[in-house]
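First the structure, in the form of structure tokens, and then the observations on it.
2 protein chains.
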Amino acid sequence: NIRNLAMEKVASTVMFPCKYTTSGCSASLLHTEKVEHEESCEFRPYSCPCPGASCKWQGSLEQVMSHLLHVHKSITTLQGEDIVFLATDINLPGAVDWVMMQSCFGHHFMLILEKQEKYDGHQQFFAIVQLIGSRKQAENFAYRLELNGHRRRLTWEATPRSIHEGVASAINNSDCLVFDTSIAQLFADNGNLGINVTISMV
Amino acid sequence: NIRNLAMEKVASTVMFPCKYTTSGCSASLLHTEKVEHEESCEFRPYSCPCPGASCKWQGSLEQVMSHLLHVHKSITTLQGEDIVFLATDINLPGAVDWVMMQSCFGHHFMLILEKQEKYDGHQQFFAIVQLIGSRKQAENFAYRLELNGHRRRLTWEATPRSIHEGVASAINNSDCLVFDTSIAQLFADNGNLGINVTISMV
Ligand SMILES: [Zn+2]
Ligand SMILES: [Zn+2]
Ligand SMILES: [Zn+2]
Ligand SMILES: [Zn+2]
Chain A
1 NIRNLAMEKV ASTVMFPCKY TTSGCSASLL HTEKVEHEES CEFRPYSCPC PGASCKWQGS
61 LEQVMSHLLH VHKSITTLQG EDIVFLATDI NLPGAVDWVM MQSCFGHHFM LILEKQEKYD
121 GHQQFFAIVQ LIGSRKQAEN FAYRLELNGH RRRLTWEATP RSIHEGVASA INNSDCLVFD
181 TSIAQLFADN GNLGINVTIS MV
Chain B
203 NIRNLAMEKV ASTVMFPCKY TTSGCSASLL HTEKVEHEES CEFRPYSCPC PGASCKWQGS
263 LEQVMSHLLH VHKSITTLQG EDIVFLATDI NLPGAVDWVM MQSCFGHHFM LILEKQEKYD
323 GHQQFFAIVQ LIGSRKQAEN FAYRLELNGH RRRLTWEATP RSIHEGVASA INNSDCLVFD
383 TSIAQLFADN GNLGINVTIS MV
């Protein structure tokens with residue numbers, strides 16, 4: 001466990017190219033900055049934005065919508081800034097995902113409701129919106145998710161995620177609309193839960 | 203395990219007086235209705251509304267405020283329909299309660315934030331408002347709790363509970379503002395969490 005201080009000093013000043021150089025990135029980085037840059041590098045390919053890691057597709061941002069339309073045909077799209085995301089059969093056991101697309105402001109947004117058991121014996125729902133677009137584009141929007149009924153309202157407002165970063169870390173940090181099964185029951189009607197979704201520009 | 207149908211038939215038609223008869227209730231009830239009535243009987247004495255069952259005080263609604271002022275002197279009161287409930291040191295370990303009073307519309311409301319581990323290894327915060335008043339009076343109001351910051355907002359709107367029913371069952375059913383420790387971190391500033399509380403008449 002002897003540190004080679006000379007080598008460390010060299011490594012801390014040498015610049016490395018980003019691994020997406022061949023895709024067009026011209027960034028040159030210190031060893032210590034490389035991982036973080038590549039994680040958010042705009043030349044990193046986009047992965048399929050569908051929740052769950054079952055689809056391994058990767059490509060450019062321009063190809064994402066045609067991938068969804070051809071490979072994930074079952075996803076419904078609604079037009080408008082203010083729509084209802086209806087999740088049916090929320091009482092189905094196990095981990096389940098509900099997905100919908102919303103089109104407005106010339107952009108496509110993916111709405112995701114996920115039922116998960118992050119903690120043993122405690123099922124929770126996580127709802128979130130991601131833009132089919134870059135992080136920079138996502139900064140221009142805000143979304144609101146709202147559960148309504150029986151003199152109660154639960155609302156979450158935030159900036160949409162970009163599909164480039166994805167929703168997994170946000171769900172993991174509860175940085176989204178989170179509610180448990182008893183709240184879901186309170187707002188559901190016959191096992192179906194309607195979530196009001198409103199997108200706006202900021 | 204032989205059922206005495208004759209006795210059951212008698213029991214199902216005999217009327218019993220409410221156990222709060224001596225306090226003024228004149229209700230007469232079937233055996234099957236008695237428990238539920240007594241639970242919500244307006245002549246049932248009020249218990250101390252402070253969270254946690256440590257104070258065993260009981261009395262009439264008219265005596266509650268003077269009990270709080272004399273025995274629970276440390277509770278702060280703020281005037282106004284729209285105030286900030288500041289919970290300090292939310293990172294303190296274990297189960298913790300924060301309590302405050304809000305006075306408006308000629309009524310007193312108790313604001314409660316509770317940190318609990320309902321599920322093993324998963325700490326959650328529960329925030330709720332109860333009226334120092336009867337269930338009927340509580341129906342005339344609505345409250346809104348709001349966490350704000352970093353381009354995010356979490357809002358819960360509902361009818362205040364009456365201190366006659368208390369908040370334990372609502373917290374148990376998550377029928378209140380619920381958020382976990384990572385969301386608390388997101389909105390907290392230096393370990394202190396400000397919750398915007400707005401009371402309105404409906
Ligand atoms: Zn790069
Ligand atoms: Zn795919
Ligand atoms: Zn009674
Ligand atoms: Zn007391």
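So the sequences go chain by chain: A and B.
Just so you know, our numbering puts 21 at position 21 of the first sequence, and the rest follows in order with no gaps.
The number in our numbering is simply the position in the second sequence, starting from 1, with 202 added.
Heads up, the beta-carbon is just placed ideally off N, CA and C, and yes, glycines get one too.
If you're wondering where the values come from, they're calculated on a predicted model, not measured in any experiment.
Reduced DSSP secondary structure (H/G/I, E/B, other) of residue i
i                      : result
residue 115 of chain A : strand
residue 337 of chain B : helix
residue 372 of chain B : helix
residue 255 of chain B : coil
residue 289 of chain B : strand
residue 272 of chain B : helix
residue 294 of chain B : coil
Bridge partners - residue i, DSSP secondary structure assignment
i                      : result
residue 389 of chain B : Per DSSP, none; premise fails for residue 389 of chain B.
residue 148 of chain A : A:153
residue 326 of chain B : B:318 and B:382
residue 161 of chain A : A:130
residue 198 of chain A : A:82 and A:144
residue 279 of chain B : B:303
residue 17 of chain A  : A:28
residue 261 of chain B : B:248
residue 207 of chain B : Answer is none; residue 207 of chain B lacks a bridge partner.
residue 110 of chain A : A:101 and A:130
Contact set between residue i and chain A, taken where Cβ atoms lie within less than 9 angstroms
i                      : result
residue 355 of chain B : 144, 155, 156, 157 and 158
Contacts of residue i in chain A (Cβ-Cβ under 7 angstroms)
i                      : result
residue 222 of chain B : In chain order: nothing, as chain A lies at least about 28 angstroms away.
residue 375 of chain B : 182
residue 324 of chain B : 119 and 122
Given residue i as reference, the closest of the options once Cα atoms are compared
i                      : options                       : result
residue 315 of chain B : B:299, B:308 and B:303        : B:299
residue 174 of chain A : A:111, A:83, A:15 and A:118   : A:118
residue 360 of chain B : B:382, B:378 and B:222        : B:378
residue 367 of chain B : B:275, B:266 and B:251        : B:251
residue 140 of chain A : A:162, A:103 and A:77         : A:162
residue 134 of chain A : A:45, A:35 and A:21           : A:45
residue 277 of chain B : B:313, B:265 and B:306        : B:313
residue 55 of chain A  : A:70, A:62 and A:41           : A:70
residue 297 of chain B : B:326, B:309, B:393 and B:311 : B:326
residue 148 of chain A : A:67, A:99, A:192 and A:80    : A:192
residue 197 of chain A : A:122, A:99, A:116 and A:34   : A:99
residue 311 of chain B : B:245, B:322, B:331 and B:293 : B:331
residue 385 of chain B : A:186, A:185, A:183 and A:179 : A:179
residue 64 of chain A  : A:84, A:101 and A:90          : A:101
residue 284 of chain B : B:264, B:307 and B:263        : B:307
residue 373 of chain B : B:216, B:318 and B:227        : B:318
residue 218 of chain B : B:236, B:280, B:334 and B:242 : B:236
residue 389 of chain B : B:333, B:309 and B:289        : B:289
Proximity test, Cβ basis, 8 angstroms: residue i and chain C
i                      : result
residue 321 of chain B : Among the chains of the structure shown, chain C does not appear; the protein chains present are A and B.
Under 8 angstroms by beta carbon: chain A residues contacting residue i
i                      : result
residue 395 of chain B : Result: empty, since nearest Cβ-Cβ is about 15 angstroms, beyond 8 angstroms.
Residue i: contacting residues in chain B (beta-carbon distance under 7 angstroms)
i                      : result
residue 186 of chain A : 377
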